[in-house]
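Asker: The sequence shown begins at 213 in my numbering and counts up one residue at a time.
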Amino acid sequence: MFDVYGTLLVSGSGDVGTAMSMTKGSALEAALDACGITSKVPADDLVARLYAAIKGDHEVATKRGTSYPEVVIEEIWQKIFDAAIASQQIEVPPDFDVKRFAVEFETRVNPTWPMPDFSEVLGTLHQRGYRLGIISNAQFFTPKIVESFLQSSLEENGFPPENCFFSYEHRVAKPGTDLYSAAARSLSDQGIDVCHILYVGNDMLNDVQPAAQVGMKTALFAGDQRSLRLRKDDARMLPIHPDVTLTRLSDILACLPR
């Protein structure tokens, strides 16, 4: 099982959505222009509305008992556009697609590209007959981005839908254990015990700790300094250590039996 951002993909921010704090209005202006949207609202103000909408969604979910809630980003953007259109602050073209806008914005604030050895590692594991899966903080565009680099579907590359757990689909995020527990249950139904699952990720808090808490083996991917998150001073960290540390993604091929 793999994390995506910072593990399978090199990410401008290290994770989906975390580039938000670094977002410049120019990126949003470019996304508006790409979608043919006319706005009277300063771009920085729209970004502030985005932050506020995400915060509000999180607060509602937290009050309902979700420890680590996840938003569905196209729903958030739709709320922002609906309000701005109603107040005549924004005009959108007849063919406006909020998902396209979300992609135009995300790709500007968080560019991604394949991690070195990405295709070799996934192709070799698939050829060797390993059951593959993903547990990732993500939005609807995340699997599409991975597939674009694979040049075919996730399923065709050994990642069946029942083994892929994206935070936006479950509305819960890492570092909570919910996605990991769901993956463990799914693989148990396929005859794979949790102790025989290896989870690979670049973040000690989001990846290694929750995977270990549900009983998975863990591999810390330390091959990308930009995205490596050791979290040594994070009070949420437990005395948990990865079973193995990888300095290149291809190291995993040497760690697993053929």
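Note that beta-carbon positions come from the ideal geometry of N, C-alpha and C, so glycine has one too.
Nearest to F361 by alpha carbon, out of T389, P328, N349 and G341?
Answerer: To locate residue 361, count along the sequence shown from 1; it is residue 149. Ranking T389, P328, N349 and G341 by Cα distance to F361 puts P328 first.
Asker: Going by alpha carbons, who is nearest to F371 out of S379, E359 and S251?
Answerer: Sequence index remark: in the sequence shown, residue 371 carries index 159 (1-based). It is E359.
Asker: Looking only at DSSP bridge pairs, what is E303 linked to?
Answerer: For the purposes of this step, residue 303 is taken as residue 91 along the sequence shown, with counting starting at 1. DSSP lists T250 as partners of E303.
Asker: Pairs of beta-carbons, one from the segment 309-317 and one from the segment 275-293, closer than 8 Å: are there three or more?
Answerer: Segments in contact, yes.
Asker: Rounded to the nearest angstrom, what separates V259 and R443 at their Cα positions?
Answerer: In the sequence shown, counting from the first residue as 1, residue 259 sits at position 47. In the sequence shown, counting from the first residue as 1, residue 443 sits at position 231. Distance between the alpha carbons of V259 and R443: 28 Å.
Asker: I'd like to know if the segment 341-361 and the segment 260-278 are in contact, where contact means that at least 3 CB-CB pairs between them fall below 8 Å.
Answerer: Judged by Cβ distances under 8 Å, the segment 341-361 makes no contact with the segment 260-278, as fewer than three pairs qualify.
Asker: For T459, does the three-state DSSP call read helix, strand or coil?
Answerer: Numbered from its first residue, the sequence shown carries residue 459 at position 247. Here T459 sits in coil by DSSP.
Asker: For V222, which of helix, strand or coil comes out of DSSP?
Answerer: Taking the first residue of the sequence shown as 1, we reach residue 222 at position 10. Of the three classes helix, strand and coil, the one that applies to V222 here is strand, per DSSP.
Asker: Whose C-beta lies closer than 7 Å to the C-beta of A350 among residues of the same chain, with five residues either side of it excluded?
Answerer: Mapped onto the sequence shown, residue 350 falls at position 138. Excluding sequence neighbours, A350 sits near V216, V228, F378, S379 and Y380.
Asker: Secondary structure at R320, three-state DSSP: helix, strand or coil?
Answerer: Counting from one through the sequence shown, the residue named residue 320 turns up at place 108. The answer is helix: DSSP assigns R320 an H, G or I state.
Asker: By Cβ distance below 7 Å, which residues in the same chain neighbour F433 in space, the five residues on each side in sequence not counted?
Answerer: Your numbering for residue 433 matches position 221 in the sequence shown. So the qualifying residues of the chain are T219, V412, G413, N414, L458 and L461.
Asker: State the Cα-Cα distance for the pair Q425 and T389, rounded to the nearest angstrom.
Answerer: The sequence position of residue 425 within the sequence shown is 213, counting from 1. The sequence position of residue 389 within the sequence shown is 177, counting from 1. Taking the straight line joining both Cα atoms gives about 8 Å.
Asker: Which value, in whole angstroms, describes the spacing of the CA atoms of P281 and S348?
Answerer: Position 69 of the sequence shown holds residue 281. Position 136 of the sequence shown holds residue 348. Using only the alpha carbons, I get a separation of about 13 Å.
Asker: Sort D269, M213, V420 and G248 by Cα distance to P306 and report the nearest one.
Answerer: Along the sequence shown, one-based indexing puts residue 306 at 94. That would be G248, whose Cα lies nearest to the Cα of P306.
Asker: How close, in whole Å, do the beta carbons of L410 and R441 come, if the pair is a contact with beta carbons under 8 Å?
Answerer: Sequence index remark: in the sequence shown, residue 410 carries index 198 (1-based). Sequence index remark: in the sequence shown, residue 441 carries index 229 (1-based). Not a contact, Cβ separation roughly 19 Å.
Asker: For a quick check, are the C-beta atoms of S471 and E374 less than 8 Å apart?
Answerer: The chain is shown from 213 up to 470; residue 471 falls before or after that span and cannot be answered.
Asker: Let me check one thing: in DSSP terms, what residues is C376 bridge-paired to?
Answerer: By 1-based counting over the sequence shown, the position of residue 376 is 164. Answer is I346.
Asker: Leaving aside the five residues before and after I302 along the sequence, list all residues of the same chain whose C-beta is less than 6 Å from its C-beta, in chain order.
Answerer: Along the sequence shown, read from residue 1 onward, the residue named residue 302 stands at position 90. Closer than 6 Å at the Cβ level, and outside the excluded window around I302, lie S251 and A296.
Asker: Our contact map puts L366 next to P355 with C-beta atoms below 8 Å; I'd like the distance itself, whole angstroms only.
Answerer: As a working mapping, residue 366 is identified with position 154 in the sequence shown. As a working mapping, residue 355 is identified with position 143 in the sequence shown. Right, their Cβ atoms sit about 6 Å apart.
Asker: Taking C-beta to C-beta, are L221 and P387 nearer than 8 Å?
Answerer: Translated into positions along the sequence shown, residue 221 becomes position 9. Translated into positions along the sequence shown, residue 387 becomes position 175. Contact flag unset, no.
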